[in-house]
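Engineer: Structure provided below as structure tokens; questions to follow.
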């Protein structure tokens, strides 16, 4: 049986092989593996793929064109970006393109149309379009803090833009582009504040750049540039039959200069022009004497702001030489010789201090500009000051028009006008009186930085914080709502000067010991305080201190003691203690040792030199002399340190030594018998 089983197992694999062959025979012959000749070549595959991609690209482009046309119907902007560049570049360009859309989200669907000035005026005249509420103000410049309305001229052209039914006038191409990107942003801002004509005066020595700056201001802001010569020529050319012109001709035909009285009349007449009364004026180089200032004040010709161009005399003559090199040679002499410029410069510097002092005290409208810089720097500084002053004027006019309190700083208010229009509290701070019942006298300062106007009266505050409170709610600090009235004149503490105190001292017995430099009078009694702080406390709250009772036993009066009457240790302590401590401290840090002298004597000599070199009561020459001696003493002391570091036990040839070793060694040996003070 075992044998049979083995035979059957050998026959089974043969049967399986027959079955596999039969199964393979059942597949059709056309499904066999294709031969290499029938496979698709690479070139054919590329052509096929290119064709498919091309067809897909054309289909996508047609779809994009249809979508773009639909977007254009609804005024939706389309941004084209070159996608063939690197990914990060495409992403950067995409962000840059989308950034203005995100920032100007409110104006994405707004459209602006730039037009010419001529077409804008024509549209306005036929009421086809309307002028905006900004008028001829530049909305972009206005949002950036501009306070002066731009004026169109040959150098500064306006750029009108139509937005909806209105025309807006932009002052430059840059502001026009900003407005067209986001018109809603600039339309929603507050409307321009009321303005008034600007009156500027420019003073300075000859060749300081006055006329250059005046022409620049006149060109940019549309102001009239006016010199005293222009004013005289205006009267002679346009009003030759007037009495003023006849008097001017009488002086000029005799070879005399026009008197200051007639010149100021001509200037006042020129200031009546339309440009001066609407835009403003720049007065170039006038006034130049105190008498001319008084004539201008008499006729109420007060510049809103006065600029002094400060240029050194050396720079003036340098500019004169450069100007002469650039000018062509002429057969006749000019009025720019060095002698004439020197005379003009001397006359200007003689009078300018008096003029500056007058305007600083009376109107606080004087600004000194360093004219040594370039003309662009000077122009920027002048422009900043003009805008600042004009902004104060606009805020003042706007608040007064609205019935609010307004700060009166930068308004050229004279002390006489201030006193004539002071309110019920005089020059005392109404906020301090109402809130803390303190009398704070603001008459000590002439500045109007913390002064305000309300209901036609002026009030002075003691700080910016008090001014802000007054401007916010002025009704709470003035009658009838003010909680505390100002005390009567006989109940007011009065500050006394030293001369007043000495003249009235014998009349009173209630004098409290104190410093005579801090004296005051209150209720027919004189009080002296120890310090300025205590004087201010008394002035603010006199009711707290006026009726103080002195103790029965008073401390002894402090008798003055003269320095020379002190014993020697006390004299040294009070006289030279500070200087001696500094000298000893320096000696301890440096540890000087002079060649061939003991350490003690070296230190004493150094301290003596130090006291002489830094003696505050000594002359400049003496201090410089002993500073040089002290430096020489220290150089000689350093010889020991140097030679100790460079000198060796074994002998060295000269070529192997330090360069200055022999010189310093010889110097060291020569000091053996030399006096360290006079040697």
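Residue numbers (the UniProt record's numbering): 1 to 679. C-beta: ideal position from N, C-alpha, C; glycine also.
#1: Quick one: grab the DSSP three-state call for residue 637.
#2: Which of the three DSSP states, helix, strand or coil, is assigned to residue 454?
#3: Check residue 489 in the structure and name its three-state DSSP category.
#4: My assumption, with CB atoms under 8 Å, is that residue 271 sits in contact with residue 247. Please give the rounded CB distance.
#5: Since residue 409 and residue 449 are thought to touch, with beta carbons under 8 Å apart, how far apart are those beta carbons, to the nearest angstrom?
#6: Find out if the Cβ-Cβ distance for the pair residue 301, residue 268 is shorter than 8 Å.
#7: Is DSSP giving residue 667 helix, strand or coil here?
#8: Residue 436: which of 400, 485, 415, 452 sits nearest, CA to CA?
#9: Are the CB atoms of residue 175 and residue 140 nearer to each other than 8 Å?
#10: So which of 618, 108, 55 has the shortest CA-CA distance to residue 78?
#11: With H, G and I counted as helix, E and B as strand and the rest as coil, what does DSSP make of residue 642?
#12: By Cβ distance below 8 Å, which residues in the same chain neighbour residue 363 in space, the five residues on each side in sequence not counted?
#13: Report the three-state DSSP secondary structure of residue 27 (helix, strand or coil).
#14: When DSSP labels each residue in this structure, what does residue 406 get in the three-state scheme?
#15: If contact is defined by three or more beta carbon pairs under 8 Å, each pair taking one atom from either stretch, is the stretch 222-242 in contact with the stretch 387-400?
#16: Please classify residue 34 as buried or exposed, where buried requires at least 16 neighbouring CB atoms within 10 angstroms.
#17: Determine, using beta carbons only, whether residue 258 and residue 244 come nearer to each other than 8 Å.
#18: What does a CB cutoff of less than 6 Å around residue 510 pick up in its chain, not counting 5 residues either side in sequence?
#19: In angstroms with no decimal places, state the Cα-to-Cα distance between residue 223 and residue 287.
#20: Helix, strand or coil: which one does DSSP assign to residue 528?
#21: So if DSSP puts residue 163 in a beta bridge, which residue, or which two residues, is it bridged to?
#22: Run the CB neighbour count on residue 442, radius 10 Å, all protein chains shown included, and call it buried at 16 or more, exposed below.
#23: List the endpoints of the continuous beta strand (DSSP E) containing residue 307.
#24: Per DSSP, residue 516 is paired with what?
#25: Report back the beta-carbon spacing between residue 447 and residue 438 to the nearest angstrom; my notes put them in contact at under 8 Å.
#26: Is the CB-CB distance between residue 668 and residue 643 below 8 Å?
#27: If I measure Cβ to Cβ from residue 31 and keep anything under 8 Å in the same chain, skipping five residues before and after, which residues do I get?
#28: Between residue 697 and residue 458, how many whole angstroms is the CB-CB distance? I'm expecting something under 8 Å.
#29: My understanding is that residue 349 touches residue 205, with C-beta atoms under 8 Å, so please give their C-beta distance in whole angstroms.
Structural biologist: Working from what's here:
#1: helix
#2: strand
#3: helix
#4: Incorrect: roughly 19 Å between the Cβ atoms, too far for contact.
#5: 5 Å
#6: yes
#7: helix
#8: 485
#9: yes
#10: 108
#11: helix
#12: 302, 412, 413, 414
#13: Low confidence applies to residue 27: its pLDDT is 49, below 50, so where it sits in the model is not reliable, and the reading given next is rough at best. Residue 27 falls in the coil class under three-state DSSP.
#14: strand
#15: no
#16: Only weak support is given to the placement of residue 34: the predicted model assigns it a pLDDT of 48, under 50, and the value that follows is read from those uncertain coordinates. Under this definition residue 34 is an exposed residue.
#17: no
#18: At residue 510 the pLDDT is 46, less than 50, meaning the model places this residue with poor confidence; the figure from the coordinates comes in the next sentence. Only 525 meet the Cβ criterion.
#19: 19 Å
#20: strand
#21: 112, 166
#22: buried
#23: 305-310
#24: Paired residues: none, contrary to the question.
#25: With a Cβ gap of about 20 Å, residue 447 and residue 438 do not count as contacting.
#26: yes
#27: Unreliable placement is indicated for residue 31, whose pLDDT of 47 sits below 50; the coordinate value is still reported in the next sentence. The answer is none, since no qualifying residue turns up.
#28: Residue 697 cannot be examined here, being either before or after the span of the chain that is shown, 1 to 679.
#29: 7 Å
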